[in-house]
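Reviewing the structure listed below.
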Amino acid sequence: MTEDPWASLADAFVDGAYATVKGRVRTYVLHRQLLRHLPPPPAPVLDVGGGAAHQSVPLARLGHEVTVLDPSAAMLARAEQRLRAEPEDVRRRVRLVEGAGEQADVLTRGRRFAAVLCHGVLLYLDDPGPMVEAVCRCAGPGGVVSLMALNARTLAVRPALERRWADALAAFDADSEIGVLGARTRGDTVEDLSALLHEGGIEVESWYGVWLFSDWTELPLDTTDVAAVAEVELRAASRDPYRQLSRAFHLVGRRAEA
Ligand SMILES: C[S@@+](CC[C@H](N)C(=O)[O-])C[C@H]1O[C@@H](n2cnc3c(N)ncnc32)[C@H](O)[C@@H]1O
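The sequence shown begins at 58 in my numbering and counts up one residue at a time.
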């Protein structure tokens, strides 16, 4: 049996990270940004490293046919559990496939999708190249590729706000850090990922920031107007200089029509 590194993180991620203002804001902002690029439902969507299907479920609710591909049985079990709370038609529109994103085209039998998402996955990989390549291969003509990555340019912000000044100084030239789940996470830049997308035949349409104020501020779920925070984040996400300072970024590209 292969080891599932996410087995010990799945609960922390689903019950911890997602059950926060930050987690909810992330899902909302990414979803709203995605809708600017996706075709109307029903369209086939592949969510690579889709985990507990947080991004997939809202798309399935809209009528999209979503395949969640993830190597972690523990994360897929959490996806299955979350899907049980959905109406039958939504459940039927989500398919769960266990396997590595780097083999996405083989595992989905060469199917070409209208949109391929890969959110919050590249930061756990030493080299984003093979994953981005695989993700691009799965996007059909006119298909969208949506990546969310940790912003390598703003790694000094968090240690500075936590008054860890030596760490902050080192972070200016670092490309990784210990993330909120305790695992080492690696940052990317919009430019580097745009170049990888280009190599895969995908041209960037837009990029957005993800998490600005809600990453820097402790916001208790019970006393925070999450919808208000999400609207502020959404506005900041698409304009400079705010998006450049964001904790993560959302890069959306498209393959040319055949
Ligand atoms: C932080 S979670 C993000 C889940 C989901 N994309 C989301 O935005 O809610 C990271 C996910 O990446 C998955 N992952 C790690 N390595 C992967 C790989 N090589 N291929 C595909 N998924 C991978 C993990 O199993 C985990 O479910």
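Backbone N, C-alpha and C define an ideal beta-carbon position, used for all residues, glycine too.
Reference residue i, options the options, closest by Cα
{"i": "SER51", "options": "PRO62, PHE270, HIS88, ARG169", "result": "Residue numbering for the chain in the displayed model covers 58 to 315; residue 51 lies beyond these limits and cannot be assessed."}
{"i": "GLY197", "options": "GLY73, LEU174, ARG210, LEU207", "result": "LEU174"}
{"i": "GLU234", "options": "TYR85, GLY80, ASN208", "result": "ASN208"}
{"i": "GLU155", "options": "LEU126, ARG141, VAL178, VAL163", "result": "LEU126"}
{"i": "ASP183", "options": "ARG243, LEU66, VAL71, MET132", "result": "ARG243"}
{"i": "ALA69", "options": "MET132, VAL102, LEU204", "result": "MET132"}
{"i": "VAL267", "options": "LEU66, ARG81, GLY73", "result": "ARG81"}
{"i": "TYR181", "options": "ASP230, ARG215, ALA157", "result": "ALA157"}
Check: residue i C-beta below 6 Å from any heavy atom of ligand 1
{"i": "SER271", "result": "no"}
{"i": "ALA157", "result": "yes"}
{"i": "PRO128", "result": "yes"}
{"i": "HIS111", "result": "yes"}
{"i": "TRP268", "result": "no"}
{"i": "TYR85", "result": "no"}
{"i": "GLY108", "result": "yes"}
{"i": "VAL286", "result": "no"}
Buried versus exposed, by CB contacts within 10 Å (16 or more), residue i
{"i": "TRP222", "result": "exposed"}
{"i": "LEU278", "result": "exposed"}
{"i": "HIS176", "result": "buried"}
{"i": "SER65", "result": "exposed"}
{"i": "PRO97", "result": "exposed"}
{"i": "SER263", "result": "exposed"}
Residue i - containing alpha helix (DSSP H), residue span
{"i": "GLY158", "result": "First-last for GLY158: undefined, no H or E at that position."}
{"i": "HIS255", "result": "247-256"}
{"i": "ALA287", "result": "283-294"}
{"i": "ALA228", "result": "222-228"}
{"i": "ARG341", "result": "Only positions 58 to 315 of the chain appear in the structure, and residue 341 is not among them; the question remains open."}
{"i": "ASP104", "result": "Premise fails: ASP104 lies in the beta strand (DSSP E), 101-105, not in any alpha helix (DSSP H)."}
{"i": "SER271", "result": "270-273"}
For residue i, the first and last residue of its enclosing beta strand (DSSP E)
{"i": "ARG83", "result": "No beta strand (DSSP E) holds ARG83; the alpha helix (DSSP H) holding it covers 78-92."}
{"i": "SER11", "result": "Nothing about residue 11 can be reported from this structure: the residues present for the chain run from 58 to 315 only."}
{"i": "TRP264", "result": "259-267"}
Alpha helix (DSSP H) segments (min. 4 residues) lying fully within the stretch 117-144: 130-140
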